[in-house]
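The listed protein sequences correspond, in order, to chains A and B.
The first sequence lines up with residues 1 to 257 when you count with my numbering.
The second sequence lines up with residues 1 to 250 when you count with my numbering.
Here the structure comes first, spelled out in structure tokens, and everything after it is commentary.
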Amino acid sequence: MHKSLQVTNLTKEFNTTQGLNTLKVYEKFSLSIPENKVTCIMGPSGCGKTTLLNLVSGLLKPDAGELKGFDGKTVSYLFQEPRLLPWRTVWQNIDFVIKDIYPKRQREEIVSRYLKMVDLHDFSHYWPGRLSGGMKQRVSIARAFVFPSDMLLMDEPFKGLDLQLKISLLDSFTALWQQDLRTVIFVTHDFDEALYLGDHIYILSGLPANVNKSLAVTIPREERRYGEGKLKEQKEELLAGLCCRQEQPCVLAQAIS
Amino acid sequence: MKPSISKDKRYTLGAVLFLLILWEIVSRIVGAGILLPRPGETWKELVQIVGSEDFWPAVIGTTTRSLIGFSLTLFTAVLFAVTAGLWKPLYYLFAPLVVITKAAPPISIILLALIWLGTDKAPVLVGFLVIFPIIYTNIVAGVDNVDAKLIEMAAMYRIRRLRRLSEIYLPSIMPYVLAACSTALGLNLRVVIMAEVLSQPPISMGTSLQSARIFLNTAGVFAWTMVAIALAALFDYSVSFLRKKLEAWR
Ligand SMILES: Nc1ncnc2c1ncn2[C@@H]1O[C@H](COP(=O)(O)OP(=O)(O)O)[C@@H](O)[C@H]1O
Ligand SMILES: [Mg+2]
Numbered sequence: 001m002h003k004s005l006q007v008t009n010l011t012k013e014f015n016t017t018q019g020l021n022t023l024k025v026y027e028k029f030s031l032s033i034p035e036n037k038v039t040c041i042m043g044p045s046g047c048g049k050t051t052l053l054n055l056v057s058g059l060l061k062p063d064a065g066e067l068k069g070f071d072g073k074t075v076s077y078l079f080q081e082p083r084l085l086p087w088r089t090v091w092q093n094i095d096f097v098i099k100d101i102y103p104k105r106q107r108e109e110i111v112s113r114y115l116k117m118v119d120l121h122d123f124s125h126y127w128p129g130r131l132s133g134g135m136k137q138r139v140s141i142a143r144a145f146v147f148p149s150d151m152l153l154m155d156e157p158f159k160g161l162d163l164q165l166k167i168s169l170l171d172s173f174t175a176l177w178q179q180d181l182r183t184v185i186f187v188t189h190d191f192d193e194a195l196y197l198g199d200h201i202y203i204l205s206g207l208p209a210n211v212n213k214s215l216a217v218t219i220p221r222e223e224r225r226y227g228e229g230k231l232k233e234q235k236e237e238l239l240a241g242l243c244c245r246q247e248q249p250c251v252l253a254q255a256i257s
Numbered sequence: 001m002k003p004s005i006s007k008d009k010r011y012t013l014g015a016v017l018f019l020l021i022l023w024e025i026v027s028r029i030v031g032a033g034i035l036l037p038r039p040g041e042t043w044k045e046l047v048q049i050v051g052s053e054d055f056w057p058a059v060i061g062t063t064t065r066s067l068i069g070f071s072l073t074l075f076t077a078v079l080f081a082v083t084a085g086l087w088k089p090l091y092y093l094f095a096p097l098v099v100i101t102k103a104a105p106p107i108s109i110i111l112l113a114l115i116w117l118g119t120d121k122a123p124v125l126v127g128f129l130v131i132f133p134i135i136y137t138n139i140v141a142g143v144d145n146v147d148a149k150l151i152e153m154a155a156m157y158r159i160r161r162l163r164r165l166s167e168i169y170l171p172s173i174m175p176y177v178l179a180a181c182s183t184a185l186g187l188n189l190r191v192v193i194m195a196e197v198l199s200q201p202p203i204s205m206g207t208s209l210q211s212a213r214i215f216l217n218t219a220g221v222f223a224w225t226m227v228a229i230a231l232a233a234l235f236d237y238s239v240s241f242l243r244k245k246l247e248a249w250r
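Laid out in structure tokens, this is it:
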């Protein structure tokens, strides 16, 4: 059997309104994340997707439950916002994460290569303040990839990018990912993105969150066309499935798609 | 932008001219150089002072005292403020000290410094005690405002502590440091001169001011004051120049 990371009986509460109330985001929640695969997490806004990534990355501590296999793993985290250093150029922002890892020569080669992949080579000496939102996000994508991590967490990184750029980034992602097959947890709102990149998709609903649907994407990557053909069929099937299984199903389907 | 700046300059020039004329008129009405010297007299005195043997040693002496004190203060304030920002016990230890030095009348500080130190060093200590709380408080606020999300990002990418300090904390607090500098540098010069008036080092701007007063040379007091203003303006200009250079990314 394929090795996987295990989330078992996870419980996480937040204090709200100055500690008067608590919000149970996760209660005895379990999930398995296959190693060296792309696992997509979908679900309506506010159902706990970002919280899950924060728990997995160690930024948040669970109230109860176990995260097996995550210990000591290095993580690249593509946050929902780019989180670039405003006083460093595009180039320096990427170099920032590998400065202590590789010698200068090698870093120059690596940064240059990844900047080309996200189509920002001409902007390497710009400060982030001079870039558009989409360009900043591309810098943070490049930064996440140059860092030699065991695991890559992505929190809706392609949101707000135009379709053409998005597809080209998705393709660079696939190319980059196939070089080292990192374990990826990819949070997205977008069925097309999930079906295009994912090996496995979990659809959450809640709160507290539970796995509403779990499915494998079996179409080989070479045969996938973004939002077309077999992927489109599978998406429609998925949406229809969500619509007849639940009492208030279409709300969920709409919320996600 | 350009034309409006030169327009600004023209207005400023106009205002200065107007004030000069007003000064001339009022001093004619007063009619006593000891109370209010005329601009012409003051100018003559200024030319004489600048030409005198002691002028440059006095200016350099005061500037050195002021800058040495300022650099010492800046260095210690950054060191203590960053430590206090990251390590709360030091913050609480310092809080009452900062309140006390801020509230103490500068003249008490000057008198104490005179009791503790010689005439040369007392002004430096006075400057330190007056501006340290200002710079320190500013930088502590800066450390509090460091973007937690950037620190989180750096932790995620396993950036070493020293680099987090030099590449995130220091650039983040830089605007606060520079804002504090632009207030503190001029203030420090003023207190140092004030302390010099009382402590009387052999050659200094404060000593010269005081002797002009003793000889009832009011034009001399005016002229030395102008020298002090010019020096303060030079300091101010250097800080804004530095600010532009360091914050080009904004
Ligand atoms: N630090 C926090 N304190 C209090 N409530 C939080 C905190 N972080 C998230 N929440 C709440 O937990 C729920 C899940 O948040 P989140 O994981 O960000 O959702 P998603 O990423 O799926 O949109 C939301 O209702 C949100 O308001
Ligand atoms: Mg989120």
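For each residue, glycine too, the CB sits at the ideal point set by N, CA and C.
Nearest residue (CA-CA) to residue i, options the options
{"i": "leucine 161 of chain A", "options": "A:Val217, A:Leu207, A:His125, A:Lys136", "result": "A:Lys136"}
{"i": "tyrosine 26 of chain A", "options": "A:Glu81, A:Val211, A:Ile219, A:Thr188", "result": "A:Val211"}
{"i": "leucine 176 of chain A", "options": "A:Lys116, A:Arg83, A:Phe14", "result": "A:Lys116"}
{"i": "leucine 170 of chain B", "options": "B:Ala195, B:Ile159, B:Val143", "result": "B:Val143"}
{"i": "lysine 213 of chain A", "options": "A:Pro82, A:Glu223, A:Thr11, A:Gly43", "result": "A:Gly43"}
{"i": "serine 199 of chain B", "options": "B:Thr62, B:Leu35, B:Thr42", "result": "B:Thr62"}
{"i": "leucine 36 of chain B", "options": "B:Glu45, B:Val26, B:Asn145, B:Gln48", "result": "B:Val26"}
{"i": "glycine 206 of chain B", "options": "B:Leu246, B:Pro57, B:Ala84, B:Leu74", "result": "B:Pro57"}
{"i": "aspartate 150 of chain A", "options": "A:Pro62, A:Lys73, A:Ile33", "result": "A:Lys73"}
{"i": "glutamine 80 of chain A", "options": "A:Thr188, A:Gln18, A:Val217", "result": "A:Thr188"}
{"i": "asparagine 138 of chain B", "options": "B:Ser166, B:Thr73, B:Leu17, B:Ile173", "result": "B:Ile173"}
{"i": "tryptophan 43 of chain B", "options": "B:Thr225, B:Pro105, B:Val124", "result": "B:Thr225"}
{"i": "serine 124 of chain A", "options": "A:Lys235, A:Tyr226, A:Val7, A:Thr89", "result": "A:Thr89"}
{"i": "aspartate 258 of chain A", "options": "A:Asp190, A:Val184, A:Thr8, A:Glu156", "result": "Outside the shown range of chain A, which is 1 to 257, sits residue 258 of chain A, and nothing can be said about it."}
{"i": "leucine 178 of chain B", "options": "B:Phe75, B:Ala15, B:Thr101, B:Ser108", "result": "B:Phe75"}
{"i": "lysine 3 of chain A", "options": "A:Lys28, A:Gln18, A:Gly69, A:Gly19", "result": "A:Gly69"}
{"i": "arginine 163 of chain B", "options": "A:Asp100, A:Thr218, A:Thr51", "result": "A:Asp100"}
For residue i, the three-state DSSP class (helix, strand or coil)
{"i": "leucine 195 of chain A", "result": "helix"}
{"i": "valine 217 of chain A", "result": "coil"}
{"i": "glutamate 45 of chain B", "result": "helix"}
{"i": "alanine 212 of chain B", "result": "helix"}
{"i": "isoleucine 185 of chain A", "result": "strand"}
{"i": "glutamine 179 of chain A", "result": "helix"}
{"i": "isoleucine 167 of chain A", "result": "helix"}
{"i": "proline 34 of chain A", "result": "strand"}
{"i": "leucine 242 of chain B", "result": "helix"}
{"i": "glutamate 53 of chain B", "result": "coil"}
{"i": "asparagine 261 of chain B", "result": "Outside the shown range of chain B (1 to 250) lies residue 261 of chain B, about which nothing can therefore be said."}
{"i": "tyrosine 77 of chain A", "result": "strand"}
{"i": "aspartate 155 of chain A", "result": "strand"}
{"i": "valine 118 of chain A", "result": "coil"}
{"i": "glutamate 233 of chain A", "result": "helix"}
{"i": "tyrosine 92 of chain B", "result": "helix"}
{"i": "serine 124 of chain A", "result": "coil"}
{"i": "serine 257 of chain A", "result": "A caution first: serine 257 of chain A carries a pLDDT of 48, below 50, which makes its placement in the model unreliable, though a value can still be read off. Looking at serine 257 of chain A - three-state DSSP - the assignment turns out to be coil, as it is neither helix nor strand."}
7 Å Cβ cutoff, residue i in contact with chain C
{"i": "tyrosine 91 of chain B", "result": "Chain labels in this structure do not include chain C; the protein chains are A and B."}
Residue burial classification, residue i (beta-carbon count within 10 angstroms, cutoff 16)
{"i": "leucine 84 of chain A", "result": "buried"}
{"i": "alanine 95 of chain B", "result": "exposed"}
{"i": "glycine 186 of chain B", "result": "buried"}
{"i": "threonine 218 of chain B", "result": "buried"}
{"i": "aspartate 122 of chain A", "result": "exposed"}
{"i": "leucine 120 of chain A", "result": "buried"}
{"i": "phenylalanine 173 of chain A", "result": "buried"}
{"i": "leucine 181 of chain A", "result": "exposed"}
{"i": "threonine 39 of chain A", "result": "buried"}
{"i": "aspartate 95 of chain A", "result": "buried"}
Rounded distance between the beta-carbons of residue j and residue i, thought under 8 Å
{"i": "valine 126 of chain B", "j": "alanine 113 of chain B", "result": "5 Å"}
{"i": "leucine 170 of chain A", "j": "glutamate 193 of chain A", "result": "7 Å"}
{"i": "leucine 259 of chain A", "j": "serine 140 of chain A", "result": "No answer is possible for residue 259 of chain A: the residues shown for chain A start at 1 and end at 257."}
{"i": "leucine 153 of chain A", "j": "valine 56 of chain A", "result": "7 Å"}
{"i": "valine 146 of chain A", "j": "isoleucine 110 of chain A", "result": "6 Å"}
{"i": "phenylalanine 18 of chain B", "j": "threonine 73 of chain B", "result": "That belief does not hold up - the Cβ atoms of phenylalanine 18 of chain B and threonine 73 of chain B are roughly 38 Å apart, past 8 Å."}
{"i": "valine 124 of chain B", "j": "isoleucine 68 of chain B", "result": "6 Å"}
{"i": "asparagine 65 of chain B", "j": "valine 239 of chain B", "result": "The residue asked about is misnamed: residue 65 of chain B is arginine in this sequence, not asparagine. Actually they are not in contact, since the Cβ atoms of arginine 65 of chain B and valine 239 of chain B sit about 18 Å apart, beyond 8 Å."}
*Quick one: which residues of the segment 131-149 of chain B get their C-beta closer than 7 Å to a C-beta of chain A? List them in chain order.*
Lys149
*What residues in the segment 59-82 of chain A have a beta carbon less than 8 Å from any beta carbon of chain B?*
Leu59, Thr74, Val75, Ser76, Tyr77, Phe79, Glu81
*Note down, in chain order, all residues in the segment 172-205 of chain B with a beta-carbon under 7 Å from any beta-carbon belonging to chain A.*
none
*asked:* By the 9 Å beta-carbon criterion, what residues does the segment 8-23 of chain A contribute toward chain B?
replied: none
*Contact list for the segment 103-127 of chain B against chain A, Cβ threshold 7 Å*: none
_At a CB distance below 9 Å, what residues from the segment 151-165 of chain B approach chain A? Give them in sequence order._
Glu152, Met153, Ala154, Ala155, Met156, Tyr157, Arg158, Ile159, Arg160, Arg163
_Interface positions of the segment 216-247 of chain B facing chain A (Cβ-Cβ less than 7 Å), listed along the chain_ = none
_Residues, ordered as in the chain, of the segment 33-55 of chain A that lie near chain B by beta-carbon distance below 7 Å_ = none
*Along the segment 116-141 of chain A, what residues have a CB closer than 7 Å to any CB found in chain B?*
Trp127, Gly129
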